[in-house]
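Written out below as structure tokens is the structure these notes cover.
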Amino acid sequence: WATAPIYREIGDRFLKYLLLVSQAQHYYAKAIELADPNDLEEQTQAQEGLGQVQAALGNKDEAVRWLSLAQQGYQTLGDSKRASELDMQIAGLGSSKD
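Per the numbering used here: the sequence shown = residues 17 to 114.
Put into structure tokens, the structure is as follows:
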């Protein structure tokens with residue numbers, strides 16, 4: 017019963033609704049692990065979720081890594097709006113000072 021979309025949805029709920037960032041990390045990572053290699057949309061959404069978690073935890077390098085993968089996925093899927101939004105977020109992560 018445990019599929020990538022289920023884990024991603026649980027991660028979304030922990031991150032977006034319950035604001036339990038560290039708990040969300042596990043579910044997004046599991047979603048990426050279980051995602052069908054041919055399901056680019058699922059992979060991309062899970063990568064974005066994990067990137068958002070890493071950003072919230074202050075792990076900028078990991079956030080940029082996962083968000084960049086998601087951005088590439090959105091570009092491939094033809095979602096240029098979301099890819100552009102992630103590009104701005106990635107640029108913001110790269111320009112912020114510790």
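Glycine is no exception: its CB is placed at the ideal position from the N, C-alpha and C atoms.
- The beta carbon of L85 sits closer than 6 Å to those of Q63, all from its chain and outside the five residues before and after it, given in chain order.
- Per the C-alpha coordinates, the member of V69, V80, Q87 positioned closest to F30 is V69.
- D28 sits in a helix when the DSSP states are folded into three classes.
- For T60, the secondary structure class from DSSP, reduced to helix, strand or coil, is helix.
- In this structure, DSSP gives G94 a state outside helix and strand, which the three-state scheme calls coil.
- Listed in chain order, the non-local C-beta contacts of E57 below 7 Å within the same chain comprise L93, local neighbours out to five positions each way being set aside.
- Here L34 is exposed, its C-beta having fewer than 16 other C-beta atoms within 10 Å.
- Taking 8 Å as the cut-off, the beta carbon of A99 is found no closer than this to the beta carbon of Q105.
- P53 sits in coil when the DSSP states are folded into three classes, being neither helix nor strand.
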